[in-house]
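First the structure, in the form of structure tokens, and then the observations on it.
Residue numbers (the numbering used here): 340 to 429.
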């Protein structure tokens, strides 16, 4: 998925921005909604789409799922460049 397509939705853009700024974090739906300001439904949809796109990896543990940032290196570089060039509020 190209970067412009990846961040086309506001929810995906916010989630990708969060993980780009915190690449070592693993966070749950609750944490991601707290940090991004997204409602649960929007966040779930964005997370599922980003997992499908290979940007996030879900780590399932008993009753919750933690998400980790794991894009291919080239895509990670492109994402970083995008947010550096577009330093507008996300």
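Ideal placement from N, C-alpha and C gives every residue a C-beta, glycine not left out.
1. Name the two residues that bound the continuous alpha helix (DSSP H) containing residue 356.
2. Would you kindly work out how many angstroms separate the C-alpha atoms of residue 422 and residue 362, rounded to a whole number?
3. Using DSSP bridges, identify the partner residues of residue 400.
4. Just verifying my parser: in three-state terms, what is the DSSP assignment at residue 377?
5. Given this structure, state the Cα-to-Cα distance separating residue 379 from residue 386, to the nearest angstrom.
6. Verify whether the separation of the beta carbon atoms of residue 415 and residue 396 is less than 8 Å.
In terms of the structure at hand:
1. 349 to 360
2. Rounded to the nearest angstrom, the two C-alpha atoms are 13 Å apart.
3. 403
4. Coil at residue 377, not helix or strand.
5. 10 Å
6. One thing to note: residue 415 has its Cβ no nearer than 8 Å to the Cβ of residue 396.
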